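With my numbering as the guide, the letters of the sequence shown map in order to residues 1 to 92.
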Amino acid sequence: MAGLKKTTVGEGDATGRECSVCLEGYKAGDTLRTMPCSHDFHGHCILCWLAVSRVCPLCRFALPPAARWNRTRRTTLVTTTMTQKKTTKLNN
(Lines of atoms letter the chains of each structure in order from A and count residues from 1; the text may use other names and numbers.)
(Lines give C-alpha, C1' and ligand atoms only; values in the text may rest on other atoms or scores of the structure.)
Protein backbone atom coordinates (compact mmCIF):
# COMPACT_ATOMS: atom_id res chain seq x y z
CA MET A 1 0.00 0.00 0.00
CA ALA A 2 1.64 3.16 -1.22
CA GLY A 3 0.12 5.31 1.54
CA LEU A 4 1.99 3.61 4.37
CA LYS A 5 5.14 5.41 5.53
CA LYS A 6 8.28 3.54 4.47
CA THR A 7 11.46 3.49 6.58
CA THR A 8 14.69 1.51 6.63
CA VAL A 9 16.05 -0.02 9.84
CA GLY A 10 19.43 1.46 10.81
CA GLU A 11 22.34 -0.35 12.46
CA GLY A 12 21.37 0.40 16.09
CA ASP A 13 17.59 0.54 15.59
CA ALA A 14 16.86 -3.18 15.29
CA THR A 15 17.80 -4.39 18.77
CA GLY A 16 14.93 -6.20 20.48
CA ARG A 17 12.27 -5.20 17.94
CA GLU A 18 10.35 -7.67 15.82
CA CYS A 19 7.63 -7.80 13.19
CA SER A 20 4.36 -8.90 14.77
CA VAL A 21 3.26 -10.60 11.55
CA CYS A 22 6.23 -12.93 10.90
CA LEU A 23 7.71 -12.71 14.43
CA GLU A 24 11.24 -12.20 13.02
CA GLY A 25 13.51 -9.58 14.51
CA TYR A 26 14.27 -6.48 12.46
CA LYS A 27 17.73 -6.34 10.91
CA ALA A 28 19.67 -3.34 9.67
CA GLY A 29 18.56 -2.58 6.12
CA ASP A 30 15.05 -4.07 6.49
CA THR A 31 12.28 -1.99 4.92
CA LEU A 32 9.43 -1.25 7.32
CA ARG A 33 5.95 0.13 6.68
CA THR A 34 4.14 2.11 9.39
CA MET A 35 0.37 1.98 9.84
CA PRO A 36 -1.61 5.16 10.75
CA CYS A 37 -1.74 3.85 14.34
CA SER A 38 2.11 4.07 14.41
CA HIS A 39 2.76 0.30 14.51
CA ASP A 40 5.47 -0.81 12.10
CA PHE A 41 6.03 -4.11 10.30
CA HIS A 42 8.24 -5.58 7.59
CA GLY A 43 6.97 -4.03 4.36
CA HIS A 44 6.21 -7.35 2.65
CA CYS A 45 4.55 -8.77 5.79
CA ILE A 46 2.06 -5.93 6.29
CA LEU A 47 1.22 -5.79 2.58
CA CYS A 48 0.35 -9.51 2.63
CA TRP A 49 -1.64 -9.00 5.85
CA LEU A 50 -3.60 -6.06 4.39
CA ALA A 51 -4.52 -8.14 1.35
CA VAL A 52 -6.55 -10.31 3.75
CA SER A 53 -7.52 -7.90 6.55
CA ARG A 54 -7.64 -4.09 6.62
CA VAL A 55 -6.93 -3.78 10.35
CA CYS A 56 -3.67 -3.48 12.28
CA PRO A 57 -2.58 -6.91 13.56
CA LEU A 58 -1.66 -5.38 16.93
CA CYS A 59 -4.39 -2.90 17.86
CA ARG A 60 -7.14 -3.69 15.30
CA PHE A 61 -7.11 -0.08 13.99
CA ALA A 62 -9.18 -0.10 10.79
CA LEU A 63 -7.25 1.16 7.77
CA PRO A 64 -9.22 3.89 5.99
CA PRO A 65 -10.24 3.48 2.34
CA ALA A 66 -7.40 4.14 -0.13
CA ALA A 67 -8.92 7.45 -1.27
CA ARG A 68 -8.23 8.99 2.13
CA TRP A 69 -4.47 8.35 1.92
CA ASN A 70 -3.81 11.45 -0.17
CA ARG A 71 -4.56 13.64 2.88
CA THR A 72 -2.26 14.15 5.84
CA ARG A 73 -1.87 11.36 8.37
CA ARG A 74 -3.58 13.39 11.10
CA THR A 75 -6.63 14.10 8.94
CA THR A 76 -6.85 10.42 8.07
CA LEU A 77 -6.77 9.39 11.72
CA VAL A 78 -9.41 11.94 12.74
CA THR A 79 -11.69 11.07 9.83
CA THR A 80 -11.41 7.34 10.49
CA THR A 81 -12.05 7.75 14.22
CA MET A 82 -15.13 9.87 13.56
CA THR A 83 -16.43 7.34 11.03
CA GLN A 84 -15.93 4.47 13.48
CA LYS A 85 -17.80 6.39 16.21
CA LYS A 86 -20.73 7.10 13.85
CA THR A 87 -20.86 3.44 12.84
CA THR A 88 -20.85 2.37 16.49
CA LYS A 89 -23.74 4.72 17.28
CA LEU A 90 -25.73 3.42 14.31
CA ASN A 91 -25.16 -0.19 15.34
CA ASN A 92 -26.23 0.35 18.96
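For each residue, glycine too, the CB sits at the ideal point set by N, CA and C.
A quick note: this is a predicted structure, and the numbers were derived from the prediction, not measured.
Counting only residues of its own chain and dropping the five nearest sequence neighbours on each side, G25 has a CB closer than 6 Å to the CB of E18.
In the three-state DSSP reduction, G25 falls in the strand class (E or B). Following the DSSP letters along the chain, one finds L32 inside the beta strand (DSSP E) bounded by residues 31-34. Under DSSP, T15 forms no beta bridge with any residue.
Its Cα nearest to that of D30, the residue C45 stands out among C45, C37, P36.
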